[in-house]
Amino acid sequence: EAEVAQSPRYKITEKSQAVAFWCDPISGHATLYWYRQILGQGPELLVQFQDESVVDDSQLPKDRFSAERLKGVDSTLKIQPAELGDSAMYLCASSVEAGNNEQFFGPGTRLTVL
Amino acid sequence: DQQVKQNSPSLSVQEGRISILNCDYTNSMFDYFLWYKKYPAEGPTFLISISSIKDKNEDGRFTVFLNKSAKHLSLHIVPSQPGDSAVYFCAASEANAGGTSYGKLTFGQGTILTVHP
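If you read the protein sequences in the order shown, they are chains A and B. The first sequence finishes on residue 146 if you use my numbering, and the numbering steps up by one all the way, no holes. The second sequence finishes on residue 508 if you use my numbering, and the numbering steps up by one all the way, no holes.
Right, dumping it as structure tokens:
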């Protein structure tokens, strides 16, 4: 069964350091999403890609976060510099297209900033 | 501003009984609703969905009810099984002017369901 892959699964870093997360969506899925889930809350959308283009990054803290999907397949989310409040689960999801509501999620990357 | 709310942080039920998870929303533009289930150390997995043109959708043991006038939806699990123990998230999306989905999901805070044997 096709799955969304994410790495690393866990990341511990010190504040002010740079971190990067990688996501490989299900093959053929044009739309890719990055969500952040703080403990005790639901996932919150950070950025949405349609192929290689960003279609929604309204909730992405652009002073420190960046995301790219250069070839319209896999994607990288970067934080530089990391802050204590960035500790959360970072989830990647993909769907066949933006109009398809069913999103398939990866296992997530648990980030701890010390 | 929490547009999707799950006011019960946790729910505990006995195996074989019904589990009812509730969700309220405030955004009138939401027109598609989904339930996701999440086990520890895994990403959310899609469970069941409902369009705003319906008031009920059923899939095996899982039924979702939508009350548009009350901006309320609920997930019923009958009968509940210990393997159903997980965090359940309600999510919603809205259509754009063209009638297709933006794709963005707005999630509630989640409800931890525990089903006791």
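Ideal Cβ placement from N, Cα and C applies to all residues, glycine included.
- Using a Cβ-Cβ distance cut-off of 8 Å, the region 34-41 of chain A and the region 445-465 of chain B are not in contact, since fewer than three pairs of beta carbons, one from each stretch, lie closer than that value.
- Under the Cβ criterion of 8 Å, A:D89 is not counted among the residues facing chain B.
- By the neighbour-count definition (other C-beta atoms within 10 Å, threshold 16), A:I111 is a buried residue.
- Per DSSP, B:V404 is one residue of the beta strand (DSSP E) stretching across 401-405.
- Residue state for A:L123 is assigned as strand, using DSSP reduced to three classes.
- Around B:G474, the same chain offers no residue with a beta carbon nearer than 6 Å, after the five sequence neighbours per side are excluded.
- At a Cβ-Cβ threshold of 8 Å, B:I409 and B:H463 do not count as neighbours.
- Secondary structure note for B:H507: its beta strand (DSSP E) is the uninterrupted segment 502-507.
- Here B:I439 is bridged, per DSSP, to B:W426.
- DSSP places A:L116 within a helical segment (H, G or I) once states are collapsed to three.
- Here A:W54 has S39, T108 as same chain residues with Cβ atoms under 6 Å from its own Cβ, once five neighbours each way along the sequence are excluded.
- Using beta-carbon distances, B:G501 counts as an interface residue toward chain A, with a partner under 8 Å.
- Here DSSP, grouped into helix, strand and coil, assigns B:D475 to helix.
- Beyond the five residues adjoining it in sequence on each side, A:G140 comes within less than 7 Å, by CB distance, of Q38, M121, Y122, L123 in the same chain, given in chain order.
- Take B:S442, set aside five residues on each side of it, and the residues of its chain with a beta-carbon closer than 6 Å to its own are Y423, in chain order.
- Cβ neighbours of A:R41 within its own chain (closer than 8 Å, five residues either side excluded): P139, G140, T141, R142.
- Any Cβ of chain B closer than 8 Å to the Cβ of A:S127 would place that residue at the interface, and such an atom is present.
- The alpha carbon of A:Q73 has as its nearest neighbour, out of B:P470, B:N418, B:V395, B:A432, the alpha carbon of B:V395.
- DSSP places B:R452 in no beta strand (DSSP E); its state is neither H nor E.
- Annotation: the continuous beta strand (DSSP E) that includes B:I468 extends over 463-468.
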